[in-house]
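In the working numbering, the protein residues as written are 607 to 874.
This is the structure:
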């Protein structure tokens with residue numbers, strides 16, 4: 607496999623390929639290739655220039671390295687438009703395996719607890735400027751919510767909403783608050799979720815001025831909630847999530863696709 611080397615000064619010029627490796631297990635590429643094979647077989651797809659394995663590799667390079675479609679096309683000896691179509695198809699296939707909210711919470715109930723948090727996926731500035739600008743982060747992006755297990759394993763990622771959306775507003779809109787309340791699942795969350803509902807537990811404000819047992823609660827809360835940061839750390843280990851250059855409408859599907867990659871069992 608070859609991946610092209612280019613700089614802003616050489617965009618549009620002849621790209622120079624060079625040997626490279628991708629930091630994902632070979633088994634993961636094979637797993638994605640198998641999903642693509644089943645998709646092609648179900649649709650009785652005609653011959654393609656790239657086989658299922660190469661299409662899977664192309665998609666993982668795009669997600670892992672956030673390379674442009676011009677770079678991808680040069681590296682895999684296909685056109686920029688073909689690279690876009692291959693990646694778009696693969697994202698659709700992967701995202702179709704992502705669990706829905708109620709499926710993700712199956713088996714959880716009273717006595718269980720989860721961690722809910724939100725993050726901003728940075729994007730390029732778009733024409734509809736204000737809805738996507740986060741005052742909290744001082745940048746443009748998309749708001750994504752996560753429900754994670756106590757160890758930080760992501761159970762579910764929400765669809766992406768404009769970055770101006772408050773975390774609590776987003777959690778309510780996605781049905782997280784109601785779903786956890788219905789199942790009596792205890793939720794640990796930060797102060798942005800204060801007022802979410804009876805099953806949400808958030809830190810106390812001004813804890814240093816509060817009695818000792820309030821301060822101890824905040825310390826215990828922070829310790830139990832800390833693993834939830836791993837869910838977004840793992841999501842953003844895929845470089846495309848550090849700056850999404852695609853359409854804002856495509857961010858949700860990309861997040862769902864990466865969730866499937868993070869949680870799939872490809873051990874055989």
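Cβ coordinates follow ideal geometry from the N, Cα and C atoms, glycine included.
- prompt: Hey, how far is the Cα of residue 571 from the Cα of residue 823?
  reply: The first residue shown for the chain is 607 and the last is 874, placing residue 571 beyond what the model contains.
- prompt: residue 754 lies in the beta strand (DSSP E); which residues open and close that run?
  reply: For the purposes of this step, residue 754 is identified with residue 148 of the chain shown, where counting begins at 1. Start and end: 745-754.
- prompt: Looking only at its own chain, which residues have a Cβ that is under 6 Å from the Cβ of residue 848, when we skip the five neighbours before and after it?
  reply: Here residue 848 is taken as the residue at index 242 of the chain shown, counted from 1. Answer for residue 848: 842, listed in chain order.
- request: Rank 638, 631, 636, 868 by C-alpha distance to the C-alpha of residue 754 and give the top, closest one.
  value: Counted from its first residue, the chain shown places residue 754 at position 148. When each option's Cα is compared against that of residue 754, the closest is 868.
query: Using CA coordinates, which residue listed in 825, 761, 767 is at the minimum distance from residue 840?
result: Position 234 of the chain shown, counted from the start, is the residue given in the question as residue 840. It is 761.
query: Could you give the residue range of the beta strand (DSSP E) that holds residue 762?
result: Within the chain shown, numbered from 1, the residue matching residue 762 stands at position 156. First-last of the beta strand (DSSP E) with residue 762: 760-763.
query: Quick one: what's got a C-beta closer than 6 Å to residue 616's C-beta in the same chain, skipping five residues either side?
result: Position 10 of the chain shown, counted from the first residue, corresponds to residue 616. Low confidence applies to residue 616: its pLDDT is 46, below 50, so where it sits in the model is not reliable enough to give any reading.
- request: Could you tell me the boundaries of the beta strand (DSSP E) in which residue 724 lies?
  value: Within the chain shown, residue 724 is the residue found at index 118, counting from 1. Residues 719-728.
- prompt: Which residues does DSSP pair with residue 817 in a beta bridge?
  reply: Working through the chain shown from its first residue, we reach residue 817 at position 211. Answer by DSSP bridge pairing: none, since residue 817 is not bridged.
- request: Look up residue 740 in the DSSP assignment and give the residues it is bridged to.
  value: The residue you call residue 740 lines up with position 134 of the chain shown. Answer is 745.
- prompt: So residue 752 and residue 718 are in contact, right, with Cβ under 8 Å, and what is the actual spacing, rounded?
  reply: Here residue 752 refers to the residue found at position 146 when the chain shown is read from its first residue. Here residue 718 refers to the residue found at position 112 when the chain shown is read from its first residue. Going by Cβ atoms, the distance from residue 752 to residue 718 rounds to 16 Å, so no, they are not a contact pair.
- prompt: Taking DSSP as the reference, what is the three-state secondary structure of residue 845?
  reply: Residue mapping note: residue 845 aligns to position 239 of the chain shown, counting from 1. In the structure shown, residue 845 sits in a helix (DSSP, three-state: H, G or I).
message: Excluding the 5 residues flanking residue 704 on each side, which residues of the same chain have their C-beta closer than 7 Å to its C-beta?
response: Residue 704 sits at position 98 when you count from the first residue of the chain shown. If we look at residue 704 and ignore the five residues flanking it on each side, its Cβ neighbours are 862, 865, 866.
- request: List the residues that DSSP assigns as beta-bridge partners of residue 806.
  value: To locate residue 806, count along the chain shown from 1; it is residue 200. According to DSSP, residue 806 bridges with 793.
field: Separation of residue 708 from residue 783, as counted between CA atoms
entry: Here residue 783 is taken as the residue at index 177 of the chain shown, counted from 1. Here residue 708 is taken as the residue at index 102 of the chain shown, counted from 1. The alpha-carbon atoms of residue 783 and residue 708 are separated by roughly 12 Å.
Among 775, 700, 756, nearest to residue 835 - alpha-carbon criterion: Position 229 of the chain shown holds residue 835. Here the closest residue by C-alpha is 756.
- prompt: Over what stretch of residues does the beta strand (DSSP E) that includes residue 630 continue unbroken?
  reply: The residue given as residue 630 occupies position 24 in the chain shown. No beta strand (DSSP E) contains residue 630, which DSSP labels as neither H nor E.
- request: Give me the Cα-Cα distance between residue 631 and residue 699, rounded to the nearest whole angstrom.
  value: For the purposes of this step, residue 631 is taken as residue 25 along the chain shown, with counting starting at 1. For the purposes of this step, residue 699 is taken as residue 93 along the chain shown, with counting starting at 1. Cα to Cα, residue 631 sits roughly 20 Å from residue 699.
- request: State buried or exposed for residue 871, treating a residue as buried only when at least 16 other CB atoms are found within 10 Å of its CB.
  value: By one-based count along the chain shown, residue 871 stands at place 265. Residue 871 is exposed by the Cβ-count criterion.
query: If we ignore side chains and look at the alpha-carbon of each, how far apart do residue 838 and residue 725 end up?
result: By one-based count along the chain shown, residue 838 stands at place 232. By one-based count along the chain shown, residue 725 stands at place 119. Cα to Cα, residue 838 sits roughly 7 Å from residue 725.
Distance CB(residue 805)-CB(residue 792) smaller than 8 Å: Working through the chain shown from its first residue, we reach residue 805 at position 199. Working through the chain shown from its first residue, we reach residue 792 at position 186. Yes, these two residues count as a Cβ contact at 8 Å.
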